[in-house]
Amino acid sequence: MPQTNQNQHAEWIRQQLLAAGTPTKAEKVKRYFPAGITTTGAMAADVTVVINSFRSNNQDLTPEQVLQVSEAVLKKAEYSEEVLVAFGILNKLVKRNFDDDLLQRFEYWLEHYASNWAHVDDLCIKTIYQFFLSRTHLIETIQPWSHSKVCWCRRASNVAWVKFIHRPIGSKVYRLDPTRVFENCDRLLRDEDEFVQKSIGWLLKVTSQHHQAAVLDYVRENLSRMEKPTLRYALEKVDKETRAAVIAS
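Per the numbering used here, the sequence shown runs over residues 3 to 251.
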């Protein structure tokens, strides 16, 4: 696909988002990003509409061409929602297209284009999730992301795992080794980024639903090292009595 067409698609996406936004919506969006965000004012539902409109209007594009559009959008993105659309137009294509090397592209995107927690979570929970469903052999290979210099990639090393603690896939169940979860948490417990900390709690919370005893042991052993928000998230699915006993231990 010619470069000009990629840019035309990217510009169409931006204009659709700008048209969907309003000052009132922009204020609502900003509430979720206290550190600041550059927004068109488009809400999550608006982003979904733009993604679906792009798909329906461009059914002739190959998966590789859609990937090229995603790249064009990301390189020129001025607004947070453009990044979300760039990830979203790809998520239905990654399960049955592309090779394993696309995972390296995702890592690059996290380190160069993600700029808030929503970017990380959308890419991980929607697009990378679909990618992993047909490539479970790659799930544990993202553990080195926890060493990244970029906080968003470190967050992703946890978030991309939350749907694979116990995941039915066809006639089988994929179970992520909880040892890997605890290794990631060990590596990141002293991380200064609040969104990395929240991702630790999220991952432990989901893990506790299938490995509660192991998670409670881990929390007890690391209680003095855990930030309060991390601890709160980690024990969210544990009953009140057990939670109180762990915190008091």
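A virtual CB, placed ideally from N, CA and C, is assigned to each residue, including glycine.
What span of residues does the alpha helix (DSSP H) with Y235 cover, start to end?
K230 to A236 is the span of the alpha helix (DSSP H), which, as asked, contains Y235.
Taking DSSP's pairing of strands, which residues face K174 in a bridge?
Answer is I171, bridged to K174.
Which parts of the stretch 189-229 are runs of the alpha helix (DSSP H), unbroken and 4 residues or longer, counting only runs that do not cross its ends?
Here the runs fully enclosed are 196-210 and 214-223.
Using CA atoms only, rank isn't needed, just tell me which of A44, D103 and E66 is closest to H139.
Closest by alpha carbon: D103.
Are the Cβ atoms of V208 and V164 separated by less than 9 Å?
It is a contact, given that the beta carbons lie within the stated cut-off.
Alpha carbon to alpha carbon, how far is A79 from V221?
Using only the alpha carbons, I get a separation of about 40 Å.
Three Cβ pairs or more, each shorter than 8 Å: is that satisfied between the stretch 9-16 and the stretch 24-31?
Touching, no, given that fewer than three Cβ pairs across the two stretches are closer than 8 Å.
Alpha carbons only, please: which of E196, V183 and E243 is nearest the one belonging to V217?
Measuring from the Cα of V217, the nearest candidate turns out to be V183.
Just checking, does the stretch 160-176 make contact with the stretch 126-133 on the three C-beta pairs under 8 Å criterion?
They touch, by the three-pair rule.
Is DSSP giving L105 helix, strand or coil here?
The answer is helix: DSSP assigns L105 an H, G or I state.
I need the DSSP call for I39, collapsed to helix, strand or coil.
Coil.
Can you tell me whether DSSP reads I15 as helix, strand or coil?
Looking at I15 - three-state DSSP - the assignment turns out to be helix.
Does Q8 come out as helix, strand or coil in the three-state DSSP assignment?
Correct three-state label for Q8: helix.
How would you call Q61, buried or exposed, if buried means at least 16 neighbouring beta carbons within 10 angstroms?
So Q61 counts as exposed.
Can you give the Cα-Cα distance for N7 and L190, rounded to whole angstroms?
Whole-angstrom Cα-Cα distance: 42 Å.
Which residue wins for smallest C-alpha separation from D179, given the options P231, F108 and H212?
For D179, the nearest C-alpha among the options comes from H212.
Could you check where the alpha helix (DSSP H) with S159 kicks off and where it finishes?
Run containing S159: C153 to V161, per the alpha helix (DSSP H) assignment.
Can you name, in chain order, every residue of its own chain whose Cβ lies under 6 Å from the Cβ of C187, other than the five neighbours on each side?
Answer for C187: I202, listed in chain order.
Taking the alpha-carbon of I39 as reference, which of P65, V51 and V85 has the nearest alpha-carbon?
Ranking P65, V51 and V85 by Cα distance to I39 puts V85 first.
Quick test of your reading: A74 and N118, contact by CB under 8 Å. State the CB separation rounded to the nearest angstrom.
Their Cβ separation, rounded to whole angstroms, is 21 Å, which puts A74 and N118 out of contact at 8 Å.
In or out: A46 buried (at least 16 other Cβ within 10 Å) or exposed?
Exposed is the call here.
Rounded to the nearest angstrom, what separates I167 and S210 at their Cα positions?
Between I167 and S210, the C-alpha separation is close to 9 Å.
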